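Notes follow the structure.
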Amino acid sequence: MTSSIPPESFPARMADRAGLVAVIVLALLARFHSITVPVIWYDEAYSLLLAEGSPAYIWATTARDVHPPLYYVLLHFWMLLFGNGVLSARSLSALADVGTLLLSIKLMSLVTTRKATWIAALLLALLPLSVRYSQEVRMYTLLGFWLMGATVALVCWIRAPVQKRYPVFYALLMTAAFYTHYFAALCVLVHWLCWWQVREGGRSMAIPIRAWVLANCAIVVLYLPWLPDFIDQLLRMDGLEWIPPLTWQTALTFVWQLVMMEGAVTHSSLWRVLPSVLIVVCAAAVLLKARHERPFSVLLVGYFFVPVLTVLLVSLIVPVFNARYLVFAAAALPLIVALALDAWSQRHAVLAAVAMALVLLAEVHGLSAVYAQTDEMNGTSIRKDARLDAVIAGLGREVRPGDAIVVDNLYWYLPFTYYNSTGIQPRLYAFKPPTGTLWGTAEYGGWALIPRHLDSIIFDDFSTLKLNAKRIWWVTGYARPEHDALFPKHWKQVLVLKEGDSEARLFIRGETPTP
-7 MTSSIPPESF PARMADRAGL VAVIVLALLA RFHSITVPVI WYDEAYSLLL AEGSPAYIWA
53 TTARDVHPPL YYVLLHFWML LFGNGVLSAR SLSALADVGT LLLSIKLMSL VTTRKATWIA
113 ALLLALLPLS VRYSQEVRMY TLLGFWLMGA TVALVCWIRA PVQKRYPVFY ALLMTAAFYT
173 HYFAALCVLV HWLCWWQVRE GGRSMAIPIR AWVLANCAIV VLYLPWLPDF IDQLLRMDGL
233 EWIPPLTWQT ALTFVWQLVM MEGAVTHSSL WRVLPSVLIV VCAAAVLLKA RHERPFSVLL
293 VGYFFVPVLT VLLVSLIVPV FNARYLVFAA AALPLIVALA LDAWSQRHAV LAAVAMALVL
353 LAEVHGLSAV YAQTDEMNGT SIRKDARLDA VIAGLGREVR PGDAIVVDNL YWYLPFTYYN
413 STGIQPRLYA FKPPTGTLWG TAEYGGWALI PRHLDSIIFD DFSTLKLNAK RIWWVTGYAR
473 PEHDALFPKH WKQVLVLKEG DSEARLFIRG ETPTP
């Protein structure tokens, strides 16, 4: 009995399998290392508390947020299976990102050489931005998984347009992406560019216009149930006020931020611009060679540049430029670099090896920042310094029956609710700035997670607060000196529990002074 595998290909296949196992192990180690160290912060607490509800509740509540519901529904069932602990909840994001890695390997194996495929696999396994958002209970890596899967389905469809299953896979995966995050629309632009480029290239096996339009129409039809809520969110445009206006420094140093995990600077820094220049050089080298050898290189280059440039242009009108929204696009950076290194290695092997080593060193630097929680991504400083978990653990040891708890601001109320094991329903101090409006929008965003029957827990003036308890705990994730002016004079502070920037103060309430 003879093997169907040619003798010369058997060692290569065994090497590929060993390489695949090694890359998966490396990716898992990178993503699960220190995954439980950062504290659950506001965005993650929102995900966890929302996912505790039923799918119907999630659908209705998410309609009053800024994101679609699919991630929260999947997280709901994930938590039913594995619990709502930090490790189990964050592991959904980590495993989704490892899935994106596997799909990227499949994509590269379809469109380029074996060497480029494994270079890309190694670089993507260690991509700092992917690791950072693999360790957060949010939907960004899941979006990357759906979109990379849809891209693989598109390439398979182009290569075999008579196959009926590929357009079905494509439509379902893109629909899932749209139900996960609205920035899936950016990948639609990439896919249309690829479809058009293949047709313009005169390929005999291009996807027919009718089939392509039908697949895209199917996505729209499947999205119709959510469309009214999407339109309402679009018209309201709430929840984006935290994103700063776009600056040239942010735009020009974006690649530096993705790899080195350091933010933009206000002053000129050529070193921080250099990675952006180099990725443009890599992309140009790939596209120039693509004319003759790699028709899908436009797809891989566009997968990063089209979303990034589109968001840059939109941000000139409405600030929406933030690294976490482009995690899916950042996955193409290792693919572009791998294509360029593969091309250069054919003539300048030593130069390509040195470049590869420098890229790996940059990624290791970025990973060290992620693990040390010194990266400058949104929320990192809070995840490191706002040790509400430790404060609430101490509170659980000190609290007595009949105590009252007051939490400072909705931003800390949601993480407190996640960690709270005291059995006491806290009151929520909702600070009103001089404008007289609450942070956020009432009944939208995080406020929507507070049931209507608990509206009475919210107050904005300590002089109107009525408590029967003699012992009152004040809990905040970020202690500030101005808090001292909030408390009535007949409250006597007797204990402070402090961890990082977070604290819990215990007050003994004396007799209310008579006017």
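Numbering (my numbering), first residue to last: -7 to 507. Every residue, glycine too, gets a C-beta built ideally from N, C-alpha and C. Being a predicted model, the structure only gives us computed values, none of them experimental.
- So what's T53 in DSSP terms, helix, strand or just coil? In this structure, T53 counts as helix in the three-state DSSP scheme.
- Task: Output yes or no for whether 8 Å exceeds the beta carbon distance between R375 and P47.
- Result: For the pair R375 and P47, the CB atoms are not nearer than the 8 Å cut-off.
- Between the CA atoms of R23 and L262 - distance to the nearest angstrom: The straight-line gap from Cα to Cα measures roughly 31 Å.
- Task: In the DSSP assignment, find the unbroken beta strand (DSSP E) run with F499 in it and report its ends.
- Result: For F499, the uninterrupted beta strand (DSSP E) run begins and ends at 494 to 501, by DSSP.
- Query: Quick one: does A43 have its CB under 8 Å from some CB of chain D?
  - Reply: No chain D appears in this structure, which consists of one protein chain only.
- Query: Closest by CA to M253, which one among Q189, A276, A347, N370?
  - Reply: Ranked by Cα distance from M253, the options Q189, A276, A347, N370 are led by N370.
- Task: Sort out for me which residues DSSP pairs F288 with in a bridge.
- Result: F288 is not bridged to any residue.
- Message: In the DSSP output, which residue or residues are listed as bridge partners for A396?
- Response: DSSP lists I464 as the bridge partner or partners of A396.
- Item | Length of the line joining the Cα atoms of V290 and S26 | Distance between the alpha carbons of V290 and S26: 37 Å.
- Query: How would you call S1, buried or exposed, if buried means at least 16 neighbouring beta carbons within 10 angstroms?
  - Reply: Exposed, since its Cβ has fewer than 16 Cβ neighbours within 10 Å.
- Check whether the stretch 119 to 130 touches the stretch 346 to 364, counting contact only when three or more Cβ pairs, one atom from each stretch, lie closer than 8 Å. The stretch 119 to 130 vs the stretch 346 to 364: in contact.
- Put W234 into one of helix, strand or coil per three-state DSSP. It is coil, neither helix nor strand.
- Item | Proximity of L318 and P299 at Cβ, strictly below 8 Å | Inclusion of L318 and P299 in the CB contact set at 8 Å is warranted, their separation being smaller than that value.
- Task: State the Cα-Cα distance for the pair A382 and L40, rounded to the nearest angstrom.
- Result: Going by the C-alpha atoms only, they are around 19 Å apart.
- Among residues of its own chain, excluding the 5 on either side of T109, which ones have a beta-carbon nearer than 8 Å to its beta-carbon? In its chain, beyond the 5 residues on either side, I97, M100, S101, A330 have a beta carbon closer than 8 Å to the beta carbon of T109.
- Message: Here's the rule I'm using: 16 or more other beta-carbon atoms within 10 Å means buried, otherwise exposed. How should G438 be labelled?
- Response: With 16 or more other CB atoms across the displayed protein chains lying within 10 angstroms of its CB, G438 is buried.
- Query: What do you reckon, is the C-beta of L291 under 7 Å from a heavy atom of the ligand MG?
  - Reply: In the structure on display, the ligand MG does not appear, and there are no ligands present to speak of.
- Counted within 10 angstroms of its Cβ, other Cβ atoms place S307 as buried (16 or more) or exposed: Buried, since its Cβ has 16 or more Cβ neighbours within 10 Å.
- How long is the line joining the alpha carbons of I223 and A477, rounded to whole angstroms? Answer to the nearest angstrom: the Cα atoms are 43 Å apart.
- Would you mind reading off the limits of the alpha helix (DSSP H) that contains K458? Note, K458: premise wrong, no alpha helix (DSSP H); not H, not E.
- Message: Within the continuous beta strand (DSSP E) that includes K490, where are the two ends?
- Response: Bounds of the beta strand (DSSP E) holding K490 are 483 to 491.
- Message: I'd like to check one pair, V182 with Y295: are the Cβ atoms closer than 8 Å?
- Response: Between Y295 and V182, the C-beta gap is smaller than 8 Å, which places the two residues in contact.
- Query: Span of the alpha helix (DSSP H) holding Y158?
  - Reply: Residues 157 to 170.
- Looking at D57 and G231, is the spacing between their C-beta atoms short of 8 Å? Inclusion of G231 and D57 in the CB contact set at 8 Å is warranted, their separation being smaller than that value.
- C-alpha gap between V247 and C179, whole angstroms: Distance between the alpha carbons of V247 and C179: 19 Å.
- DSSP-derived helix/strand/coil call for F313: Reduced to three states, the DSSP call for F313 is coil.
- Item | Distance CB(W466)-CB(A440) smaller than 8 Å | The Cβ atoms of W466 and A440 do not sit closer than 8 Å to each other.
- Query: Based on the DSSP secondary-structure assignment, which residues constitute the bridge partners of F454?
  - Reply: Answer is none; F454 lacks a bridge partner.
- Message: Rounding to the nearest angstrom, what Cα-Cα distance links G492 and Q189 in this structure?
- Response: When the Cα atoms are used, G492 and Q189 turn out to be separated by approximately 54 Å.
- Message: Between which two residues does the alpha helix (DSSP H) holding Y405 run?
- Response: Membership of Y405 in the alpha helix (DSSP H) is indicated by the continuous run 401 to 411.
- Residue interval of the beta strand (DSSP E) (run including V420): Sequence inspection shows Leu at residue 420; the Val mentioned does not correspond to that position. For L420, the enclosing beta strand (DSSP E) covers residues 419 to 421.
- Query: Roughly how many angstroms separate the alpha carbons of S268 and C274, rounded to a whole number?
  - Reply: Cα to Cα, the separation comes out at about 10 Å.
- Contact check, V147 vs F288, beta carbons under 8 Å: A distance below 8 Å separates the beta carbons of V147 and F288.
- Beta-carbon contacts of V486 that lie in its chain and below 8 Å, excluding the five residues immediately before and after: Here the set comprises L498, F499, I500.
- Item | Beta-bridge partners of A378, as assigned by DSSP | In the DSSP secondary-structure assignment, A378 is bridged to G492.
- If you run the structure through DSSP and keep just helix, strand and coil, what is S448? Of the three classes helix, strand and coil, the one that applies to S448 here is helix, per DSSP.
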